[in-house]
Amino acid sequence: EIVDFSSQYGSEHSISYTAENILGPPSVFPRSGDCVSVYELRTYGKWWLTLPSSRESKVNLPCRIPIESQDFIEFRVGRRVEPMLIRIYEVYNPGAIVRILGYCSDREKWVTLWAGAPMHLPPNESHCFSVEFEKTDLLSDYFRIEFHHRHLNYYCELDSLVLYGEDKFSNYSLSSSAIPSALQRMVNFSLHENYQTPASSFSSVNLPDHHASFDNLPNEVIHLIISYLDLQSLCSVAQVSKLFHKICYDPVLYKDLNLQTYWPLVDITALRGLESRLSSLKTLNLSWCGSQGRITAHYFNEFVTATCHHLTALKLSSCNFVNNNCLKAVASHCPLLQELELNSCRSKDLTQIGFRYISEIKHLNHLALYRSLIDKSSIISIIKCVPLEHLFLGSCTNIDSFNEVARAIASDRKQIKTLDFWRASSLSCLGISELAEHCNELVEIDLGWCHKIDARCGCIRALITRCTKLKKLFLSVMRTLSDYDVYAISSHSQHLEQLDLLGAQKIEVSAIISVLESCKRLKLLDVSFGDPSVVEAAPDLQMAFPRVEIKCCSSVDMDM
């Protein structure tokens, strides 16, 4: 069964492109191409990271982690086994798998079974990702796959996975090269230790006078050098000497703390070990951390109270410990907070009472709630009280009237710059007309898969005509779009960089050419599943307009 995942292209109440599709035997492989009966990740490439609303967290990666993971899926099998081999069937844009882990309930630790760099593979060929695991003492029924897809040309699609394992240990000895990986081996002397004194063996070292001493360097140079270390290395270097201990405990080095990469190691002990260094903490990324009770809501509240008074940005995506009291603590003790991310936070203990505490964060301008369970009344309460500029409500299925949400934004947040209404199933022309009339500062808007919008009424043209600062316009599967709407884009969207017209089957080649010629800043254009003439012309258009990446998936499996 699927236990958790960070994102999916499909709807929460659909069977198309959803995480559940990875269960069971392959249904597409060895065929390749787009198919609705697979698991598809929501994003790909660098496009989502180049927009004004992007809040990418910077991190210095440990040398043994080849690349940062961007998405994950967790699954449970029928019984505990010693994992031996996994096969993952990738049928479209393969090459995103970068890490596989198993959870050891006996030791209450995640163990890295395999980690590697993303692969550059032919996008239109299926691929069987296969890894034979080294012998380990792990016995588990709970596993996790992590993905990195920034290098991909289009959406990654996974058909199925098969895990091979033994339900009892074989007779062998754990080799020195076997997992757990370096991350786990370092846990007892890096994140989990709050070193009060450096190693005593260094306290009596005397260097000859003619040797240059590190402490003779200017503080700025020392800090610059140390700033390139990853967090684990920083903790280890602190043991070298009293000087290094002092340098490595400087709160300035922990001003921007990204713990997402270290999520398997982050627990209450690790955070307590860091607390004394966080007096200057400004941005904190705890996304993916705290599963299996490794961080409790009670301790998180203590942590926020002790360390987060100067916090301006907080990321808690896919943190299942987040409950009502956590958001109450954030609202009470983070008065300077401007950015909050709660993507895929779906704990049963996070109710509308908790979401309403967000309305007390008076300086909040960036709020990400993708796949959260917030409802209409709670988000409207937040909109009325908080000066939001960037709001992400993609796949928020508990909101039963996005038209009322749009009306609240039009009334109280006229300066809004970013709106993600992806898969807002209740949004109609009424809501779009409200936004077009009052929200002319919009820079990014995602209206993909909003099936109730009928562009024939002119609401999309009105939005385009009045919102002339748009850099991103996603209109995926808006089948009522016409050439007139696209010509409006050509005339009024001179700042446009990203345009998604996937599934717009009534748009002809001449309208597409007008956009390519008029929108000089355009970098991404998706015309997949469009009119056959557009699909046929796409290769020639790509050659004629090389500055634009033109996406044109033409699979016949379009039963969406």
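Just so you know, we're using our numbering here: the sequence shown kicks off at 28 and counts up by one. In this text, a Cβ means the ideal position worked out from N, Cα and C, and glycines have one as well.
Could you tell me the alpha carbon to alpha carbon distance between R299 and H325, rounded to whole angstroms?
Their backbone Cα atoms lie some 13 Å apart in a straight line.
Which residues does DSSP list as the beta-bridge partners of F102?
I29, F170
Would you kindly work out how many angstroms separate the C-alpha atoms of V125 and S408, rounded to a whole number?
40 Å
With DSSP run on the structure shown, which of helix, strand or coil describes K578?
Residue state, collapsed to three classes: strand.
May I have the straight-line CA-CA distance separating V349 from A565, to the nearest angstrom?
In a straight line, the C-alpha of V349 is about 46 Å away from that of A565.
How far does the alpha helix (DSSP H) with S404 in it extend, from its first residue to its last?
Looking at the DSSP string, the run of the alpha helix (DSSP H) that includes S404 is 403-412.
Secondary structure at N425, three-state DSSP: helix, strand or coil?
coil
So, under 8 Å CB-CB, I49 and S187 are touching, yes? Tell me the CB distance rounded to an integer number of Å.
6 Å
Can you give the Cα-Cα distance for I385 and R440, rounded to whole angstroms?
16 Å
Do L490 and I459 have their C-beta atoms within less than 9 Å of each other?
yes
Quick check on DSSP: helix, strand or coil for V470?
coil
Hey, out of F32, Y182, K499, S422, whose CA is closest to I172's CA?
F32
If we ignore side chains and look at the alpha-carbon of each, how far apart do A395 and K533 end up?
Cα to Cα, the separation comes out at about 33 Å.
Apart from the five residues on each side of it in sequence, which residues of its chain come closer than 6 Å, Cβ to Cβ, to E152?
S59
Status (buried if at least 16 other CB within 10 Å, exposed otherwise) for C353:
buried
If you scan the stretch 483-571 from start to end, which runs of the alpha helix (DSSP H) of 4 or more residues do you find wholly inside it?
486-493, 510-519, 536-545, 559-571
Residues bridged to K253 [DSSP beta-bridge criterion]
First, the residue type needs correcting, since residue 253 is Ile and not Lys in the sequence shown. Answer by DSSP bridge pairing: none, since I253 is not bridged.
State the Cα-Cα distance for the pair Y66 and A46, rounded to the nearest angstrom.
5 Å
Same chain only: Cβ atoms within 6 Å of F56, ignoring 5 sequence neighbours per side:
Y116, V118, S153, D186
By how many angstroms is the C-alpha of L166 removed from the C-alpha of L110?
Checking the sequence shown, residue 110 turns out to be Pro, not Leu. Roughly 7 Å separates the two Cα atoms.
Would you report the Cα separation of N370 and P291, rounded to the nearest angstrom?
19 Å
In or out: A512 buried (at least 16 other Cβ within 10 Å) or exposed?
A small fix is needed here, since residue 512 is Asp in this sequence, not Ala. D512 is buried by the Cβ-count criterion.
Please report the straight-line C-alpha distance between F448 and S560, rounded to a whole angstrom.
Computed Cα separation, rounded: 30 Å.
Exposure label - Y44; buried when at least 16 CB within 10 Å
The residue in question, Y44, is buried, as its Cβ has 16 or more Cβ neighbours within 10 Å.
What would DSSP say about D186, mapped onto helix, strand or coil?
strand
Assuming N328 contacts A356 (C-beta within less than 8 Å), just tell me the rounded distance between them.
4 Å
Please name the residue in G485, P245, N285 whose C-alpha comes closest to that of L88.
N285
What residues are listed by DSSP as bridge partners for C131?
In the DSSP output, where bridge partners are listed per residue, C131 has K136.
When DSSP builds the beta bridges, which residues end up paired with F419?
A395, D447
Burial state of F216, where buried means 16 or more other Cβ atoms lie within 10 Å
Confidence at F216 is low in this model, with a pLDDT of 36, below 50, so its placement is unreliable and no value can be given for it.
Threshold first: 4 residues or longer. Then list the alpha helix (DSSP H) segments lying entirely within the stretch 240-290, N to C.
246-253, 258-264, 269-275
Can you give me the Cβ contacts of V214 inside the same chain, cut-off strictly under 6 Å, excluding the 5 residues immediately before and after it?
Residue placement at V214 is flagged as unreliable, the pLDDT there being 37, under the threshold of 50; the coordinate-derived value follows with that caveat. Only L292 meet the Cβ criterion.
Which same chain residues end up closer than 6 Å to D242 when comparing Cβ atoms and leaving out the 5 residues on each side of it in sequence?
Correct list, in chain order: L270.
Helix, strand or coil: which one does DSSP assign to S318?
Helix, per DSSP.
Suppose you measure from the CA of A123 to the CA of P245; what does that come to, to the nearest Å?
So the alpha carbons of these two residues sit roughly 43 Å apart.
Please name the residue in H390, I100, S452, S428 whose C-alpha comes closest to that of H40.
S452
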